[in-house]
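**Student:**
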């Protein structure tokens, strides 16, 4: 009990110190936004079928465009993985909506159109679906062709405060991403948890899209500067995170945002 109490006090002190260290950087108070839901379907497609996968994804464009125009979704796109692992995905397709109803209406249309049973998908050696929800996000409207998406998966320690993700998002992640967005280094960012839980509790995701490879360098530089100029940030992050749960992804992206 004493150990747990001491650990909790340490986390609280680090959280308060983290907030104080970076609060001056933010020009406005960061608040949660209305929930944005994202559906992600990932596949591991054999290399010989990659051209067919591209055709299959393009075949869904008309339906996505209609859902986008109607307001059912606020963004959609697809990714091609650039860093392959033995059992990871090679391709994914996603769309985002401000309601679960809007999100699932697109899924229903895809099923009606036969997209989930397209011949190329039957060659997939692995398939996974995720339904994510974000309350910290922003984007630059318009299409993004040949962009890059960096995704990071993290897991909070069991003893981390209940508001750990909110604290870090409001005081660290969002101010940094908003600055990069204003500078044009990134086109979009979102910080997500699972709305339909298929992973252990405490898992969260950070995604950002850059218009080119140089944007990746700019984000990395911003992260290094943030840790260098505010040592409490690194201490807080390391104290709250279970490093064994961390994974990164890098993909080429085509996306459209309202």
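Residue numbers (the numbering used here): 1 to 258. Beta carbons: idealized from backbone N, C-alpha and C, even for Gly.
In its own chain, which residues sit with a C-beta less than 6 Å from the C-beta of residue 105, not counting the 5 before and 5 after it?
**Tutor:** Only 72 meet the Cβ criterion.
**Student:** Fully enclosed by the stretch 130–218, which beta strand (DSSP E) runs are 3 residues long or longer?
**Tutor:** If we require 3 residues or more, the beta strand (DSSP E) runs fully inside the stretch 130–218 come out as 142–155, 188–194, 203–210.
**Student:** If you reduce the DSSP assignment to three classes, tell me which class residue 82 lands in.
**Tutor:** Residue state, collapsed to three classes: coil.
**Student:** In the structure shown, what three-state DSSP assignment does residue 44 receive?
**Tutor:** Residue state, collapsed to three classes: strand.
**Student:** Can you check DSSP and say which residues form a bridge with residue 31?
**Tutor:** Answer is none; residue 31 lacks a bridge partner.
**Student:** Label residue 257 either buried or exposed according to how many other C-beta atoms from any shown protein chain fall within 10 Å of its C-beta, with 16 as the threshold for buried.
**Tutor:** That one is buried.
**Student:** Leaving out five residues before and five after residue 36 in sequence, what residues of the same chain have Cβ atoms less than 8 Å from its Cβ?
**Tutor:** Hits under 8 Å: 74, 96, 97, 98, 133, 134, 135, 137, 190.
**Student:** DSSP on residue 66, reduced to helix/strand/coil?
**Tutor:** Helix at residue 66.
**Student:** Answer yes or no: do residue 208 and residue 188 have a C-beta to C-beta separation smaller than 8 Å?
**Tutor:** Yes, the pair counts as a contact, with Cβ atoms nearer than the cut-off.
**Student:** Can you tell me whether residue 81 is buried or exposed, with buried defined as 16 or more other CB within 10 angstroms of its CB?
**Tutor:** Under this definition residue 81 is a buried residue.
**Student:** Less than 8 Å between the CB atoms is what I'm expecting for residue 254 and residue 77, so what's the real figure, rounded?
**Tutor:** About 6 Å; that satisfies the 8 Å criterion.
**Student:** Pull up the CB-CB distance for residue 79 and residue 149, whole angstroms please, since I reckon it's below 8 Å.
**Tutor:** Indeed, because the Cβ distance is near 6 Å, the residues count as touching under 8 Å.
**Student:** Let me know the secondary structure DSSP gives residue 227 once reduced to three states.
**Tutor:** Residue 227 falls in the helix class under three-state DSSP.
**Student:** Under 8 Å Cβ to Cβ from residue 144, same chain only, skipping five residues before and after it: list those, please.
**Tutor:** Same-chain partners within the cutoff: 77, 187, 188, 209, 211, 253, 254, 255, 256, 257.
**Student:** Mapping DSSP to helix, strand and coil, what is residue 115?
**Tutor:** Three-state DSSP puts residue 115 in a helix.
**Student:** So who's on the other strand from residue 36, going by DSSP bridges?
**Tutor:** Answer is 134.
**Student:** Quick check: the Cα distance between residue 24 and residue 33, rounded to an integer number of angstroms?
**Tutor:** Low confidence applies to residue 24: its pLDDT is 47, below 50, so where it sits in the model is not reliable, and the reading given next is rough at best. If I take the Cα positions, the gap works out to 21 Å.
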